[in-house]
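What follows is one structure encoded as structure tokens, with my remarks underneath.
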Amino acid sequence: MSSRRRQTTVANQGPKIEYVKVKGFKSFCHPLTLNFNQGVTAIVGPNGAGKSNVIDVLSFVMGSLSFSTMRSKRARELLYVGKTTRANHAVVELMLSGVPEELGDGGRLKISRKLFSDGTSVYRMNDAKTTRLNVLDALTSLNIFSDGHNMVKQGDINRFVKMSSGDRKALVDTIAGIELYEKKKARAFTDLNGVEIKLEKVGAVHEERLRIYRGLQDERQKVERFYELKELEKRARFGSLLVKKTALEDQLARKLKEGEELDRRISDFKTRLKAAREELEAFNREMEDEGVARQIKVIQQYEAVKFEMEKLEGEKRACLQEVKNLHGREEAIKLQLEGLQRRKTQLETGLEAKQPRITEVEGRLVLLKEKQATLATDLARARQAYEARKQQADRLLEQKNELTLQLKELELERSSHEQFLTSLKNELDRLKQKRLNLEAERQHFTEQQKQLEVQFRKLRQEEVKAREHLTGLRQQRDNLLALGMPAGSKQVKAAGFRLLGETLKETELASVAPFIFSAVADESQLTTLEKVVKEAKTWAVVLPKDVNLADLKQRTRGLKVIGHPSRMEFEDEAARLQKMEAVSLQISKAEKQVEELQGKLVFLQTQLNRKFDLQPMKDVEARMKAIGVEETSRHKAIDRLETSVSHVREQLGRIRIEEVKLPDFQTLENLGTQINQLETERIQLTSDVKVDRETLDKLIVPEMDKLSKLLKELAVAIQAEMEKGESFDGKLKEVGDRLSKLEKTRGEMESQLKIRLNRKTQLESKVTDLQAKVFDEQANSKILASKLEELEVARVDLNERATEFEGVKSVENPVQVLSKVLKEIDQLGELNFRARDEFDKIKGLIQEIEGRLQKLSEEREAILKMVEEIESQKMTKFMETYEGIRKHFTRIFKHVLGGVADLELEQDEEGLSGISIKVVINDREMSVDALSGGQKTLTALAFIFAIQYFKPSPLYVFDEVEAALDKDNSQKFTVMLMDMAKTAQILVVTHNDITVKSADQIIGVYMHKGVSRVISLPKEKVLSEEKWLARPDESDKSEEPEEPEHTI
């Protein structure tokens, strides 16, 4: 057995438990240290003494959170509870040796866990506070697990026996580390889900962009067709213009011939009419200077007030739709009626009253003719400018919309920058606070280091003094030893006998100092020793070989004196040895003191060697610097945005100013229209006089009667609706009053004009005869001249318009083509002239989105491929684990049971679902349930050992796993245990004497006054005293062992 143990010790050079210290945990109230040897350690004791608590101590300090496996419901139940005392905390310390240097200096790793009554735990590793995860990581790197396959506790065998195929597969998954692959796959599926969501979102955006793309495609085609039609319209208009121009030139040539003839007829009258015309023209100029300008001003005011009144009526109609319609009709009828009334009054007072009006119009037309040439050119130029302005207005509107959109985008971007700056500022404030905290920590660390340096110097001085003291004590001991051993002892030694001092260690000499030169002999050697002593004429104290050192120390028994020493010699020797004993005791104390000081110095040196971790502060500084750079960049971006916003707003301001200028050209066009209307009025005025009478008799009077009747009917309807528009009546009344005043003013001016016309009539009476002769010719001449001017204006206008079509070719049948083109343009409806640009833009966006879709699809395929690889790796790892465990299980089962067993995979629709056990014993296939209790236990143990052989651990714990085994099966279990002990340290809680016989170390656990105690037991004592191996059903019969002299 000793040779086997030596082989085990040599073979196992991996991590092992050196000792465990415990206090306040479960039944361990007092501080206790358990030292463990290599090989198999058996833990024995009566039932209920606390054997399994030793296993729970190991699970606890290794970071287990499974209170059920530690046979507790909650954390505080792990604390010691006695009849009168209760522990407020529990502390367990574990020392592992043979670990890699990175886990501990000198290959030693110390782990401790302190549990408080509130359930919280504090972990330390190598005396430094740490976390549970760090402890688990360190142990996992050594293949030690607090709740893993290397810890087989009470009930685990039954669990393995009753384990379903699915649970068995789950266990193999755990051993194979399938959880890591599942986590990778879960992360991959999370990434895949994110990519799918992105694909869905980008796909939705793509569909929306395609929908816009198709719409813009149709709009672009419509716009392009519109431009084609506009070009065709331009050609058709040019053709129509050429047709009009040809007809106009023919008509102008005819009128020029008529004008030449008329000029010859009136040339005879020019001389005679010269004087009369001069007087008449002077009178007309006077009238123009004094009355016409004022009359025009009054008319303009009248028109402005009338326009204001119509505007109010429009607002009233917008608020009250029904009143609007009725008032519209009423005003129309009133205006008609007033016009008819005025015309009737004028016609009734005589046609003579109209003759002055004709003369007045003619006079005004004379002035207009003088300005007509200038106005015609200005009007044509204004119309051209108006068309250009209109196009400019369209461009300005488009630019305005674009700039408004751009302004909104800039505002949004600036808002985004400002929000980001706010977040950066908050983060910067947090980082500044963190930096202050780190500075405080560094300052505190520096102060601690200074204090530690002071302590280190003091301890170093104390160590120097202690070493000097130890050196002095050793010198005293050497001086005492230098006195030499007695001559008789030398002769006894020369005769071949050994002295006691030669058989003991230096640390044990102090307890037997008076006897260090005494001989050690058997009873059979006493005769020879007496002869030697007698020949040497000396004396000797003989000590038996199995002497009890404690008895020696008290000098009570075991001594045999040979010879007759003198009392003085004996006393001198005893005094010397007594001094030597005292010095040895002092040396032991001094050495212990030096050792303690060295330990403290090492600890302080370790603390002093620690350096403050500056990385967090560097990270904070780097992040603050990055935030500063980002903040500066963002501020610059905001400044650029502010500049852009100001520029855009300036452009919008200029556009608004240009828009304000546009209505002036409309006014100019209105002025041209007014001039044309006056010219038309002058032409038609003469013919109107002829039909006034007929109109008065046949049209005006019946129409007035009809309108009066209709007005009365409307009055009734308006009365009902007027209540709704009372808010506008005041304004309308005010404007009406102003209009009446202006009408009165205009009437007064007409009266004054009438007086002046009478005066003109008196003047014209002087030249009545001459006027009568030339009147018709003059009228004809004016009509012809007016027509010529109209034709000339039209010709000039056509020529100017023709310049717009420079380089344009005409079309056949331009009138029909133009009508068809205008109809098709009208059918096109509302157009989006930005469609072409937007179409190109959206096309680029779609291409960009399709590129993103392609990348996302590739990313999706990559993730799916990675999932397949993970699944393949997972299956490969599982099969490697399964085959490895299967191989060991088959081998172990055949070895311990002599039969054949195999692990078989079960499958369902979803894949591998479980692992079943097939057993063949004595050529008969059996299910696990059909096996005997011992066979079931050995089968479960074979499965457990197969796992442990596949994934070996340096530490295995078995808690009464062989309880159901008979003697033969226990022997088989012991063989497996001894095989594993070659490469691992094994702790086994047992009641089995066969297991105890194979153990290298035996620890006894017993209960004394409610507290678990431990003792190191010799194998013979355990096997001879049944109380140490009492079965659970025999525990009541066992007595509590006597209090031993030594405990571990």
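Here this note's numbering is used: the first residue of the sequence shown is 66, the next is one more, and so on. Every residue, glycine too, gets a C-beta built ideally from N, C-alpha and C.
Counted within 10 angstroms of its Cβ, other Cβ atoms place residue i as buried (16 or more) or exposed
i: Gln1050; result: buried
i: Asp1024; result: buried
i: Val529; result: exposed
i: Lys86; result: buried
i: Arg522; result: exposed
i: Gly693; result: exposed
i: Ile262; result: exposed
i: Thr1002; result: buried
i: Tyr246; result: buried
i: Arg632; result: Residue placement at Arg632 cannot be trusted, given a pLDDT of 42 that sits under 50; what the coordinates show is reported in the next sentence. By the 10 Å Cβ count, Arg632 comes out exposed.
i: Val984; result: buried
i: Glu1027; result: buried
i: Ala312; result: exposed
i: Leu662; result: buried
i: Lys376; result: exposed
i: Gln919; result: exposed
C-beta atoms of residue i and residue j nearer than 8 Å
i: Leu143; j: Phe90; result: yes
i: Leu99; j: Val1079; result: yes
i: Ile907; j: Leu470; result: no
i: Lys1084; j: Ile1067; result: yes
i: Thr134; j: Lys218; result: yes
i: Tyr278; j: Ile914; result: no
i: Leu1177; j: Glu707; result: The structure shown does not extend to residue 1177, since the chain spans only 66 to 1113, so no value can be given for it.
i: Val965; j: Lys1037; result: no
i: Asn223; j: Tyr1021; result: no
i: Glu325; j: Arg860; result: no
i: Ile240; j: Thr1048; result: no
i: Ser156; j: Lys179; result: Residue 156 is actually Val in this sequence, not Ser. Result yes, Cβ atoms of Val156 and Lys179 sit closer than 8 Å.
i: Ile950; j: Val237; result: yes
i: Gln972; j: Ser981; result: no
i: Ala655; j: Leu538; result: yes
i: Ile209; j: Met127; result: yes
i: Asn118; j: Ser1077; result: yes
As assigned by DSSP and simplified to three states, the class of residue i
i: Ala140; result: helix
i: Asp212; result: coil
i: Asn129; result: Correcting the residue identity first, residue 129 is Ser in this sequence and not Asn. Coil at Ser129, not helix or strand.
i: Asp192; result: coil
i: Asn100; result: strand
i: Lys227; result: helix
i: Arg899; result: coil
i: Glu166; result: coil
i: Ser1103; result: Reliability of the predicted coordinates at Ser1103 is poor, the pLDDT of 40 falling under 50, and no value is obtained from them.
i: Tyr947; result: helix
i: Tyr84; result: strand
i: Val876; result: coil
i: Gly795; result: helix
i: Asp704; result: helix
i: Lys399; result: helix
i: His95; result: coil
i: Phe254; result: helix
i: Arg622; result: Confidence in Arg622 is poor, its pLDDT being 46 and thus under 50, which makes the residue's placement unreliable; the coordinate value appears in the next sentence. The answer is coil: DSSP assigns Arg622 none of H, G, I, E or B.
i: Lys175; result: strand
i: Asp616; result: Unreliable positioning characterises Asp616 in this predicted model, as indicated by a pLDDT of 49, which lies under 50. The coordinate reading is nonetheless provided below. Three-state DSSP puts Asp616 in a helix.
i: Gly976; result: strand
Any non-hydrogen atom of the ligand ATP within 7 Å of residue i CB
i: Asp802; result: As for the ligand ATP, it is missing from this structure, which has no ligand bound.
Exercise. Return the chain-ordered ranges of every alpha helix (DSSP H) run that is complete within the stretch 1013-1100 and spans a minimum of 4 residues.
Key: 1032-1045, 1058-1062 and 1084-1089
Exercise. Specify whether the stretch 1031-1046 and the stretch 1006-1018 touch according to this definition: at least 3 beta carbon pairs, one from each stretch, less than 8 Å apart.
Key: yes
Practice problem: Check whether the stretch 994-1002 touches the stretch 936-946, taking contact to mean three or more Cβ pairs, one atom from each stretch, closer than 8 Å. | Solution: no
Practice problem: Could you tell me whether the stretch 287-295 touches the stretch 887-897, where touching means 3 or more Cβ pairs closer than 8 Å? | Solution: yes
Quiz item: With a cut-off of 8 Å, do at least 3 Cβ pairs link the stretch 1057-1064 to the stretch 102-114?
Solution: yes
Quiz item: Mind pulling the alpha helix (DSSP H) runs of 4 or more residues that sit fully within the stretch 256-295?
Solution: none
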